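J.: Quick note: the sequence shown uses the working numbering, first residue 8, plus one each step.
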Amino acid sequence: MKDYEHVVIWLDYFNKNLKKSKGRRLGLEKCVYDPSLKELMDATTSGGFEITESDDKVRYPKRPFVRSGYVVVPKGSSKTKILNKISEKLVAKRSKQSK
């Protein structure tokens, strides 16, 4: 049954290698190359969201041949606002790592 109280955030939303038709939800400047589930979890918690569930042995529906992962967060605002906040932290963390 569908859960209207939570939002599922997939790794593929932030993958810079993917086209929007393959599942990326944000612009290229807000994405990183091949994000890991640990990076997504860190960015989500530093963005101020509480992770209620996560899984790394799942497949994103638009790419069933590749393993992916997701986190589930409580719905506090629109999904786009949540994604933008998480991507800001993810890109900042990745750019800090590469320096």
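Glycine included, each C-beta is placed from N, C-alpha and C at the ideal position.
On a predicted model such as this, the values are computed, not experimentally measured, just so you know.
1. Would F72 be called buried (16 or more neighbouring beta carbons within 10 Å of its own) or exposed?
2. Cutting at 8 Å between CB atoms, please list the residues of its own chain near E12, excluding the five before and the five after it.
3. In whole angstroms, what is the alpha-carbon distance linking P42 and N22?
4. My output table needs one value for S43: the three-state DSSP class, helix, strand or coil.
5. Answer with buried or exposed for T59, where buried requires no fewer than 16 other C-beta atoms within 10 angstroms of its C-beta.
6. Return yes when the Cβ of V78 is within less than 7 Å of the Cβ of T51, no when it is not.
7. Could you tell me which whole alpha helix (DSSP H) segments of length 4 or greater appear in the segment 27-94?
8. Would you kindly work out how many angstroms separate the C-alpha atoms of R66 and I16, rounded to a whole number?
9. Here's a check: name, in chain order, each residue in its chain whose Cβ is nearer than 8 Å to the Cβ of S61, leaving out the five neighbours to either side.
10. Just list the residues that DSSP pairs V14 with in beta bridges.
T.: In terms of the structure at hand:
1. exposed
2. P81, K82
3. 6 Å
4. coil
5. exposed
6. yes
7. 44-53
8. 13 Å
9. L44, M48, G76, Y77, V78, V79
10. V80
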